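Q: So the working numbering is basically just the index in the sequence shown, starting at one, shifted up by 39.
Just so it is clear, CB atoms sit at the ideal spot from N, CA and C, and this is done for glycine as well.
In this text the structure is predicted, and so the values were computed from the model without any measurement.
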Amino acid sequence: MEILLVIVALFFVATAGLGALAVVKTKRAVQRGLERHVPQARRMVEDTTLRATLTAKKLTQPGVAGELAALRLSLHTSVDSTRRMLEASSAEDASLTEALALCTRLAEHARAIDGELKLLEREPDRPRAQARLPELRERAERITHSADALRWAAQDRARRFADDDLAELSRQCETEAGALRHWTAPTVGASREPKAFPPAG
């Protein structure tokens, strides 16, 4: 009887331990998922808000303020589009990892220039802001050009791979279609009529 009680107690302890372990693992998995997805969602909201704000400023504010907003919008759109495209494509094409690293470095420079442009938007001395604008525009355009070049090259690479894959698939389909059309001719004297099966009895 005592042995039975010990076995039941051990079974209860083991079950409780496994249940606790499952709860802890589930909790950790949920936390990892949240840690991964919450920043992405936050960044998406921030990007959308920033883009809407810059578009509104570009359209409604004349002069230097409008030019600064247009420059920030162009810079942000180019780098962000390139980053998202490379992140999505690098999972399938490992050779894009280096391009993604370069894009990350470009994004750091873009953030620095965006900070300077933001400060210039609040500069009360309009002639000073106007004087600094050409140099910042030139730096921003270099980053935009580099980001665009990475994105376009990755798009061309993906299209080339898709074209090559489609050409190979078409060749295989043609080969298979030819094999399906190839059948042996019936032997001489053989009946061309299909054989009748005996009635089911």
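Go to Arg123, then tell me how far its alpha helix (DSSP H) extends in each direction, as first and last residue.
A: Taken as a continuous stretch (DSSP letters only), the alpha helix (DSSP H) holding Arg123 covers Gly102 to Ser129.
Q: Let's see if you can read the secondary structure: which residues bound the alpha helix (DSSP H) around Trp222?
A: Counting along the chain, Trp222 falls outside any alpha helix (DSSP H), and DSSP gives it neither H nor E.
Q: Check Arg161 in the structure and name its three-state DSSP category.
A: Correct three-state label for Arg161: coil.
Q: What separation, rounded to the nearest whole angstrom, lies between the Cα atoms of Ser129 and Arg198?
A: Going from the Cα of Ser129 to the Cα of Arg198 covers about 14 Å.
Q: Does DSSP put Asp132 in a helix, a strand or coil?
A: Of the three classes helix, strand and coil, the one that applies to Asp132 here is coil, per DSSP.
Q: Among the residues of its own chain, which have a CB less than 8 Å from the CB of Pro166, if the five just before and after it don't count?
A: None.
Q: Can you find the residues in the same chain that come closer than 7 Å, C-beta to C-beta, to Ala135, ignoring five residues on each side of it along the sequence?
A: The question names Ala, but residue 135 in the sequence shown is Leu. For Leu135, where only same-chain residues beyond five positions count, the Cβ hits under 7 Å are Leu125, Ser128, Ser129 and Ala193.
Q: Contact criterion: CB-CB distance below 7 Å. Does Arg171 meet it with respect to chain D?
A: The structure shown has no chain D; it contains just one protein chain.
Q: Taking C-beta to C-beta, are Arg111 and Leu60 nearer than 7 Å?
A: Cβ atoms of Arg111 and Leu60: not closer than 7 Å.
Q: Residues in the same chain with beta-carbon distance under 6 Å from Glu180, minus the five sequence neighbours each way, listed in chain order, please.
A: So the list is empty, once near-sequence residues are dropped.
Q: Going by Cα to Cα distance, which pick from Phe50, Glu147, Asp132 and Ile46 is closest to Asp195?
A: The residue with the shortest Cα to Cα distance from Asp195 is Asp132.
Q: Tell me, please, whether the stretch 106-121 touches the stretch 142-156 by the rule of three or more beta-carbon pairs shorter than 8 Å.
A: Contact between the stretch 106-121 and the stretch 142-156 is present, because at least three Cβ pairs lie under 8 Å.
Q: When the Cα atoms are used, what is the spatial distance from Val47 to Glu41?
A: Using only the alpha carbons, I get a separation of about 10 Å.
Q: Does Gly240 pass the burial test, meaning 16 or more other C-beta atoms within 10 Å, or should it be called exposed?
A: Note that Gly240 scores a pLDDT of 49, beneath 50, so its modelled location is shaky; the value from the coordinates is reported in the next line. Exposed, because fewer than 16 other Cβ atoms sit within 10 Å of the Cβ of Gly240.
Q: How would you label Cys142, buried or exposed, when you count the other beta carbons within 10 angstroms and need 16 or more for buried?
A: Buried, by the Cβ-count rule.
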